[in-house]
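The next block holds one structure in the form of structure tokens; read it before the comments.
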Amino acid sequence: MVEFWTNLTYATKFSAIGFVGSFILGFVSMGILGAALYYPVSFLFRAYPALNDWQGDWVWPAMIMAGMMWSFGFILAGFAWHFLEAHVSSVIVLRCIYGFVLWGWAAIVWFGIIRMNVA
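Residue numbering for the sequence shown follows full-length UniProt numbering, starting at 1 and increasing by one per position.
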């Protein structure tokens, strides 16, 4: 098992650790991670009520679920890094793409949650 882990690339190790860490943090933080993820993507949802205006029994579980679902973005970003690494030679560009995938996944997660729950 140790040999398998040492043979993995940097991006794969980072993605695996990021996935596990953020999944646990999404649950343990009791919604703080989900709320923190909402603010960078909130400008996309101007047609919906602001976060402070949300009410009901769905809000707190949605915050927790958003943080936990966002962790899957690390896997997607890791795949993007793996497939683009052969075509992009700059590590800085790959890191920017990695970050953009995480940001985009946060937007998709929050869009799904808002679309299902906000009237």
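Just so you know, even glycine gets a beta-carbon here, dropped at the ideal spot from N, CA and C.
Using only alpha-carbon positions, find the residue among the options that is nearest to residue i.
i	options	result
V40	F100, N117 and A77	It is Pro, not Val, that sits at residue 40 in the sequence shown. Residue F100 is the option with its Cα nearest to P40.
W103	A66, A86 and V118	A66
S29	P49, A106, I64 and T6	I64
residue 120	A107, I97, V91 and I75	Because the chain is modelled from 1 through 119, residue 120 falls outside the range shown and cannot be assessed.
A106	E85, G78 and W70	W70
E85	V2, T12 and N7	T12
V20	L37, G73 and F43	G73
F83	F43, E3 and T9	T9
Apart from the five residues on each side of it in sequence, which residues of its chain come closer than 6 Å, Cβ to Cβ, to residue i?
i	result
L94	W81 and V88
A77	Y98, V101 and L102
N52	none
Excluding the 5 residues flanking residue i on each side, which residues of the same chain have their C-beta closer than 8 Å to its C-beta?
i	result
F45	W110, F111 and I114
F79	none
Thinking residue i and residue j are a contact (beta carbons under 8 Å), I'd like their distance in whole angstroms, please.
i	j	result
A35	N117	In fact, because the Cβ distance is near 15 Å, the residues do not count as touching under 8 Å.
G31	W60	6 Å
CB-CB under 7 Å to residue i, same chain, minus the five flanking residues each way: which ones, in chain order?
i	result
M68	F23, G26 and F27
P49	V118
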